[in-house]
Amino acid sequence: MKRIGLFALASSVAIGLATPAMAGPLLPGQSGVIFTPLDTTTRGTQLASIETGTLGATTYTGFLRSAVYRNTFGTLDFYFQVAISTIADGDEVNNLTASSFMGYTVDAFVDTTDFDGAGFFTAANNPNLQGPPGSTTTASRNGSGSVIRADFGDNGLEAGGQTSATYIFRTNATNYNLGGTFTTQDGSVAQRPNFQAAAAVPEPATWAMMLIGFGGLGVAMRRSRPAVVRIRFA
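Going left to right, the sequence shown walks through residues -23 to -1, 1 to 211 as mature numbering (1 follows the signal peptide of the UniProt record, and there is no 0) numbers them.
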């Protein structure tokens, strides 16, 4: 019994070590969750990135930055940052949202550093933000789970030259596409197409193998039908 107990304990420890060290998932309909500082050793490799102007906004100009990383656990992280060039007096960019993440687990992380060097993400310099735990930004998720949101709180962008932290949403997705949106708002809204979590699409070779498999199954079913015995009476 002792050996079994020790084996079970060792197994549970091994499973714990193999599981990403993160806060509990951001659930559909949940709000007010403080972003957790990203463990930078889990960042992984960038797969894609986009930087574009604040399309559609009338009260501010700047850049919307986003990227997809495959983290060291093999799943995808979605990165978002807002940089303001100009903004109308009295206005403040106070949140960002992204979609679509329905059906996926999501954990909220933050990074205030210039982690990509020559890349376009930069160190945060928005008001009152001295890096975690100084961030007052909270994460939320709508009822269906499709939209994730960062509410900046005291870390809003209210002057030219201010840049938000980089907000990171870690998912259990292993594939992505450009079917989502990235939105920021104050008195007006800027929105553009963006990366979203997506189901993996089988490769052509995989489709071929599936079709061959279904064909073989059909042949096997036909061969396994019981023989029909006909009796003729004279």
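We put the CB at the ideal spot given by N, CA and C, even for glycine.
Roughly how far, in whole angstroms, is the beta-carbon of residue i from the beta-carbon of residue j, given that I think they are within contact range, below 8 Å?
i, j, result
"glycine 9", "serine 117", "7 Å"
"phenylalanine 129", "threonine 114", "5 Å"
"isoleucine 145", "tyrosine 56", "5 Å"
Using DSSP's beta-bridge definition, name the partner residues of residue i.
i, result
"aspartate 68", "Aspartate 68 pairs with nothing; no bridge assigned."
"serine 76", "Val124, Thr158"
"threonine 13", "Phe86"
"tyrosine 46", "Gln23, Asp54"
"phenylalanine 146", "Phe55, Ala85"
Quick check on DSSP: helix, strand or coil for residue i?
i, result
"threonine 31", "coil"
"glycine 130", "helix"
"threonine 151", "coil"
"alanine 63", "Going by the sequence as given, residue 63 is threonine instead of alanine. The answer is strand: DSSP assigns threonine 63 an E or B state."
"threonine 89", "coil"
"threonine 113", "coil"
"threonine 18", "helix"
"glycine 39", "strand"
"glutamine 7", "coil"
"residue 274", "Examination of residue 274 is not possible in this model, given that the chain is present from -23 through 211 alone."
"aspartate 163", "coil"
"asparagine 171", "strand"
"alanine 25", "strand"
"threonine 140", "strand"
So, at 7 Å on beta carbons, what are the nonlocal neighbours of residue i in its own chain, with the 5 sequence-adjacent residues on each side left out?
i, result
"threonine 90", "Ala100"
"leucine 24", "Val45, Tyr46, Arg47"
Residue i and residue j: beta carbons closer than 7 Å?
i, j, result
"glutamate 28", "arginine 47", "no"
"leucine 53", "threonine 148", "yes"
"glycine 33", "valine 166", "yes"
"serine 62", "glycine 137", "yes"
"arginine 126", "threonine 74", "yes"
"alanine 85", "phenylalanine 12", "yes"
"leucine 134", "asparagine 103", "yes"
"glutamine 58", "phenylalanine 92", "no"
"threonine 31", "glycine 21", "no"
"glycine 122", "methionine 79", "yes"
"aspartate 68", "glycine 1", "no"
Using a Cβ-Cβ cutoff of less than 6 Å, which residues in the same chain neighbour residue i once the five nearest sequence positions on both sides are dropped?
i, result
"glutamine 173", "Ser77, Gly156, Gly157"
"alanine 65", "Thr36"
"glutamine 7", "Arg118"
"alanine 150", "Leu53, Tyr81, Ala174"
"glycine 94", "none"
"threonine 19", "Asn48, Thr49"
By Cβ distance below 8 Å, which residues in the same chain neighbour residue i in space, the five residues on each side in sequence not counted?
i, result
"asparagine 72", "Arg126, Ala127, Asp128, Phe129, Thr161, Gln162"
"asparagine 105", "Gly111, Thr113, Asp131, Asn132"
"valine 87", "Phe12, Thr13, Pro14, Leu15, Pro109, Ser112, Thr114, Ala142, Thr143, Tyr144, Ile145"
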